[in-house]
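Asks: All residue numbers for the sequence shown refer to my numbering, where the first residue is 4 and numbers rise by one.
Even glycine gets a Cβ: it sits at the ideal position worked out from N, Cα and C.
These figures come from a predicted structure and were not determined experimentally.
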Amino acid sequence: MRWLAATITASLILGVSAIPVDAFSFDPDKIDASFLAEVLAAPTADFDVIVRSDPVDAEKHLDRAAARRIEAAAKSVTKQGGSLKHALAIVGGVSARLKGTGVLKLTRDKDIDYVVKDRQMRAQFDPALDSANARTPGILEVNAPQVWSQLGMTGQGVGVAIVDSGVYPHPDLAGRIVASIDFTTASPTVSTTSTGDPGGHGTHVAGLVAGDGTLSGGAYTGVAPRANIINVRVIDASGSSNVSTILRGLQWVLANRTTYNIKVVNLSLGATPTGSYKSDLMATAAEVLNFAGVTVVVSAGNTGPLGGTVTTPGTDPYVITVGALDDNGTSLPFDDLMAVFSSRGRTPFDYLSKPDLVAPGRKLISLRSPGSALDTLFPDRQVTATGALTADYYRLSGTSMAAPVVTGVIALMIERNPNLSPAQIKKRLKSTATALTFGTAFDRGAGLVNAYKAVSSVDPGREYAPDRVSDAFAKDMRVFIEGQPFVWRDLAYHGGVDSAGTSWDGVTWENVRWDAVTWENVTWEGFTWEGVTWEGVTWESVTWQSTDQQSAGAQSGTGVTWDPVD
4 MRWLAATITA SLILGVSAIP VDAFSFDPDK IDASFLAEVL AAPTADFDVI
54 VRSDPVDAEK HLDRAAARRI EAAAKSVTKQ GGSLKHALAI VGGVSARLKG
104 TGVLKLTRDK DIDYVVKDRQ MRAQFDPALD SANARTPGIL EVNAPQVWSQ
154 LGMTGQGVGV AIVDSGVYPH PDLAGRIVAS IDFTTASPTV STTSTGDPGG
204 HGTHVAGLVA GDGTLSGGAY TGVAPRANII NVRVIDASGS SNVSTILRGL
254 QWVLANRTTY NIKVVNLSLG ATPTGSYKSD LMATAAEVLN FAGVTVVVSA
304 GNTGPLGGTV TTPGTDPYVI TVGALDDNGT SLPFDDLMAV FSSRGRTPFD
354 YLSKPDLVAP GRKLISLRSP GSALDTLFPD RQVTATGALT ADYYRLSGTS
404 MAAPVVTGVI ALMIERNPNL SPAQIKKRLK STATALTFGT AFDRGAGLVN
454 AYKAVSSVDP GREYAPDRVS DAFAKDMRVF IEGQPFVWRD LAYHGGVDSA
504 GTSWDGVTWE NVRWDAVTWE NVTWEGFTWE GVTWEGVTWE SVTWQSTDQQ
554 SAGAQSGTGV TWDPVD
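Listed below in structure tokens is the structure:
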């Protein structure tokens, strides 16, 4: 029996004599240590959780695997007296609310794979940094205008999902916000009219990707000024969200990627990791999108300058994690340095080298969302273009601003070569980045993104992740990859046996150990992903409650949280 049982009375440990000792039994492999400590400290408290299922009879329901996982997770939660919220097919589970004792019991359920806290996520920018002038240097320094003028690429027709606080219908995006959906509401519905941006963060991000400079005479233009924006609102007006809300947004992106030609998704948000990316459901969702052909760009975080501060999901090896450069308000490289707030690697827990590269992220000017929370809190950030009568632009700093610069570059790359895979895009971005002389690889990654070189590159290679995929992704994919040849990382592999002595000739999946030792040596890029029926993940509309309590506004209790991060 793997789970642990309390050996002394609950009243001695927690002073709660009414709770049976057996209520504190748990399987430590099914819950991360930090969340377990919270639950044990307050077993009668209510917790918002995400419950992933791996039912014992899953192999009997391969035609409806996602639905079966949701059903099993929902049944287990209900059995423990929990209240269900939403189906999260992209990670094979549900979001719910239940007491700590119920959480512990779920870890002993044979149909449950993992239980995580539905943690709060934060937009990653710093509104408190000084407001010295900065106009187009950041865009100039990554050589985006050269791509427009010399290569003729502007991101035309490429769909970019902005998973953020919403996007205001700014004139600089006119006709190019092709779809909007708001997951902070009780009943999200798709609209061709922008749902707005009460926070102000997502609009700024979208402008850095695709603003066309209409109201500034071209002065404040994004990197890919003809790209289309898909507005996926998951962050409330206070600047926060929950993991489950973001997962629902990513699930929608997956299901609608063909409809809107979504090729890249920008995540300018993050949270402090509590464990390995291998057990992180945000990482799992990012990997699903990655292998479905959608490149995922993530901000590194604003908790630098110390190492080990990269936030999740930027800790996943398959995403493109972006740190922030301070260009000092010029387009010349001689005065550049790392932004002090930019999070550094290695990643905590897995010690991977991050960020992958950097982009300008300090005092960038982009689109303003009038009357938004940020606009109201920091009116000194408003920017009026030369000759204009109103302030249509806004100045912000953070890795939240650096990430969309890279996202815009990717849109340019995809317009030129629509067949590029996420792995190829990552390789070209890193191999063409401008080398920097300051900092270490754990500060700046491969260097400063170079749009012209990245778009011009014909590098046929691909970026191989330095580690395996997440546990949840590996388990979900086993049915699709059965029978396909493996591509091995392990140079000691020969004669049908890997270096650990495991034979793979004629192996059946029932014999495979689903642990780190088995999967470390498999290179996932070698699989034929065309056989994976991603369209089967269509449960994003399932909701068990009439009101959505998953947005952070219902749980933060602090009101405004657009506070400084350093």
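Which one of Leu101, Ser56 and Leu392 has the shortest CA to CA distance from Ile115?
Replies: Within the sequence shown, numbered from 1, the residue matching residue 115 stands at position 112. The candidate whose alpha carbon is nearest that of Ile115 is Ser56.
Asks: If you count every other CB in all the chains shown that lies within 10 Å of the CB of Leu392, and 16 or more means buried, which is it?
Replies: Start at 1 with the first residue of the sequence shown, and residue 392 comes out as number 389. So Leu392 ends up on the exposed side.
Asks: Please confirm whether Leu211 and Val408 have their CB atoms less than 8 Å apart.
Replies: As a position in the sequence shown, residue 211 is number 208, starting the count at 1. As a position in the sequence shown, residue 408 is number 405, starting the count at 1. Yes, they are a contact pair.
Asks: What separation, rounded to the nearest whole angstrom, lies between the Cα atoms of Ala177 and Ile34?
Replies: Here the question's residue 177 lines up with position 174 in the sequence shown. Here the question's residue 34 lines up with position 31 in the sequence shown. Approximately 46 Å, taken between the alpha carbons.
Asks: Compute the Euclidean distance between the alpha carbons of Lys281 and Ala475, then round it to the nearest angstrom.
Replies: Along the sequence shown, read from residue 1 onward, the residue named residue 281 stands at position 278. Along the sequence shown, read from residue 1 onward, the residue named residue 475 stands at position 472. Rounded to the nearest angstrom, the two C-alpha atoms are 8 Å apart.
Asks: Kindly list the residues whose CB is nearer than 6 Å to the CB of Glu418, restricted to its own chain and excluding five residues on each side of it in sequence; keep chain order.
Replies: As a working mapping, residue 418 is identified with position 415 in the sequence shown. These residues qualify, in order along the chain: Met156, Gly158, Gln159 and Val161.
Asks: Hey, how far is the Cα of Pro421 from the Cα of Val322?
Replies: As a first step, residue 421 must be located in the sequence shown, where it is residue number 418. As a first step, residue 322 must be located in the sequence shown, where it is residue number 319. Cα-Cα distance, rounded: 19 Å.
Asks: Can you give me the Cβ contacts of Phe352 inside the same chain, cut-off strictly under 7 Å, excluding the 5 residues immediately before and after it?
Replies: Here residue 352 refers to the residue found at position 349 when the sequence shown is read from its first residue. If we look at Phe352 and ignore the five residues flanking it on each side, its Cβ neighbours are Pro276, Gly278 and Ser279.
Asks: Is there contact here, the region 356 to 368 with the region 195 to 204, by at least three beta-carbon pairs under 8 Å?
Replies: Because the criterion of three Cβ pairs below 8 Å is not met, the region 356 to 368 and the region 195 to 204 do not touch.
Asks: Give me the residue from Ala99, Ala449, Leu432 and Lys429 with the minimum Cα distance to Ser247.
Replies: Working through the sequence shown from its first residue, we reach residue 247 at position 244. The candidate whose alpha carbon is nearest that of Ser247 is Ala99.
Asks: Roughly how many whole angstroms lie between the Cα atoms of Lys357 and Ala189?
Replies: Locating residue 357 in the sequence shown gives position 354, where the first residue counts as 1. Locating residue 189 in the sequence shown gives position 186, where the first residue counts as 1. Cα to Cα, Lys357 sits roughly 37 Å from Ala189.
Asks: For Pro174 and Gly225, what's the separation of their Cα atoms in angstroms?
Replies: The residue given as residue 174 occupies position 171 in the sequence shown. The residue given as residue 225 occupies position 222 in the sequence shown. Between Pro174 and Gly225, the C-alpha separation is close to 13 Å.
Asks: Under 8 Å between the Cβ atoms of Phe29 and Leu101?
Replies: Looking up residue 29 in the sequence shown gives position 26. Looking up residue 101 in the sequence shown gives position 98. Not a contact, by the Cβ cut-off of 8 Å.
Asks: What does the Cβ neighbour count give for Ser86, buried or exposed, with the cut at 16 atoms within 10 Å?
Replies: Reading the sequence shown from its first residue, position 83 is the one you call residue 86. That one is exposed.
Asks: Can the beta-carbon of Gln254 be found closer than 8 Å to that of Tyr455?
Replies: Numbered from 1 along the sequence shown, position 251 holds the residue referred to as residue 254. Numbered from 1 along the sequence shown, position 452 holds the residue referred to as residue 455. Result no, Cβ atoms of Gln254 and Tyr455 do not sit closer than 8 Å.
Asks: Can you tell me where the beta strand (DSSP E) holding Leu451 begins and where it ends?
Replies: Along the sequence shown, read from residue 1 onward, the residue named residue 451 stands at position 448. Careful: Leu451 lies outside any beta strand (DSSP E) and carries neither H nor E.
Asks: Would you kindly check if the distance between the Cβ of Ala388 and the Cβ of Asp395 is under 8 Å?
Replies: As a first step, residue 395 is located in the sequence shown; it is residue number 392 there, counting from the start. As a first step, residue 388 is located in the sequence shown; it is residue number 385 there, counting from the start. Cβ atoms of Asp395 and Ala388: closer than 8 Å.
Asks: Using DSSP bridges, identify the partner residues of Pro363.
Replies: For the purposes of this step, residue 363 is taken as residue 360 along the sequence shown, with counting starting at 1. Beta-bridge pairing links Pro363 to Leu328.
Asks: Between which two residues does the alpha helix (DSSP H) holding Ser37 run?
Replies: Here residue 37 corresponds to residue number 34 of the sequence shown, with the count starting at 1. Counting along the chain, the alpha helix (DSSP H) containing Ser37 begins and ends at Ala36 to Ala44.
Asks: Sort out for me which residues DSSP pairs Leu270 with in a bridge.
Replies: Here residue 270 corresponds to residue number 267 of the sequence shown, with the count starting at 1. In DSSP, Leu270 forms a bridge with Val301.
Asks: State the start and end residues of the unbroken beta strand (DSSP E) segment that holds Leu87.
Replies: The residue labelled residue 87 in the question sits at position 84 within the sequence shown. Membership of Leu87 in the beta strand (DSSP E) is indicated by the continuous run Ser86 to Leu91.
Asks: Using a 10 Å radius around the Cβ and a threshold of 16 neighbouring Cβ atoms, would you call Ser460 buried or exposed?
Replies: Residue 460 sits at position 457 when you count from the first residue of the sequence shown. The residue in question, Ser460, is buried, as its Cβ has 16 or more Cβ neighbours within 10 Å.
Asks: Please state whether DSSP places Ser502 in a helix, a strand or coil.
Replies: Position 499 of the sequence shown holds residue 502. Because the pLDDT at Ser502 is just 47, under 50, the model does not fix this residue reliably, and the value given afterwards should be weighed accordingly. Of the three classes helix, strand and coil, the one that applies to Ser502 here is coil, per DSSP.
Asks: Would you kindly work out how many angstroms separate the C-alpha atoms of Ser375 and Asn234, rounded to a whole number?
Replies: For this step, residue 375 is matched to residue 372 along the sequence shown. For this step, residue 234 is matched to residue 231 along the sequence shown. Across the structure, Ser375 and Asn234 are spaced so that their CA atoms are roughly 16 Å apart.
Asks: If you reduce the DSSP assignment to three classes, tell me which class Arg398 lands in.
Replies: The count along the sequence shown starts at 1 and reaches residue 398 at position 395. In the structure shown, Arg398 adopts extended strand secondary structure according to DSSP, grouped into three states.
Asks: Mapping DSSP to helix, strand and coil, what is Thr261?
Replies: As a first step, residue 261 must be located in the sequence shown, where it is residue number 258. The answer is coil: DSSP assigns Thr261 none of H, G, I, E or B.
Asks: Beta strand (DSSP E) containing Leu101: first to last residue?
Replies: Looking up residue 101 in the sequence shown gives position 98. For Leu101, the enclosing beta strand (DSSP E) has its first and last residue at Gly96 to Lys102.
Asks: Please return the same chain residues whose Cβ sits closer than 6 Å to the Cβ of Lys108, not counting the five positions on each side in sequence.
Replies: Numbered from its first residue, the sequence shown carries residue 108 at position 105. Same-chain partners within the cutoff: Gln83.
Asks: So, with DSSP's three-state summary, where would you put Phe128?
Replies: Working through the sequence shown from its first residue, we reach residue 128 at position 125. The pLDDT assigned to Phe128 is 45, lower than 50, so where the model puts this residue is not dependable; a value taken from the coordinates is nonetheless given after this. Phe128 falls in the coil class under three-state DSSP.
Asks: Give the DSSP bridge partners of Asp167, in chain order.
Replies: As a first step, residue 167 must be located in the sequence shown, where it is residue number 164. According to DSSP, Asp167 bridges with Arg236.
Asks: Measuring CB to CB, does His204 end up less than 8 Å from Leu377?
Replies: Here residue 204 is taken as the residue at index 201 of the sequence shown, counted from 1. Here residue 377 is taken as the residue at index 374 of the sequence shown, counted from 1. Contact flag set, yes.
Asks: Applying the 10 Å Cβ sphere with the 16-neighbour rule, what's the burial state of Asp283?
Replies: In the sequence shown, counting from the first residue as 1, residue 283 sits at position 280. Under this definition Asp283 is a buried residue.
Asks: When DSSP labels each residue in this structure, what does Trp512 get in the three-state scheme?
Replies: On the sequence shown, position 509 is the one that residue 512 refers to. Any reading at Trp512 needs caution, since the residue's pLDDT is 36, under 50, leaving its predicted position unreliable; the model's value is listed next. Correct three-state label for Trp512: helix.
Asks: Taking DSSP's pairing of strands, which residues face Val584 in a bridge?
Replies: Since the first residue shown for the chain is 4 and the last is 569, residue 584 is missing from the structure and cannot be characterised.
Asks: Drop a sphere of 10 angstroms on the beta-carbon of Ala77, count the other beta-carbons inside from all chains shown, and report buried for 16 or more, exposed for fewer.
Replies: Translated into positions along the sequence shown, residue 77 becomes position 74. By the 10 Å Cβ count, Ala77 comes out buried.
Asks: Taking all protein chains shown into account, do 16 or more other C-beta atoms lie within 10 angstroms of the C-beta of Thr104, making it buried, or fewer, making it exposed?
Replies: As a working note, residue 104 is residue 101 in the sequence shown. Buried, since its Cβ has 16 or more Cβ neighbours within 10 Å.
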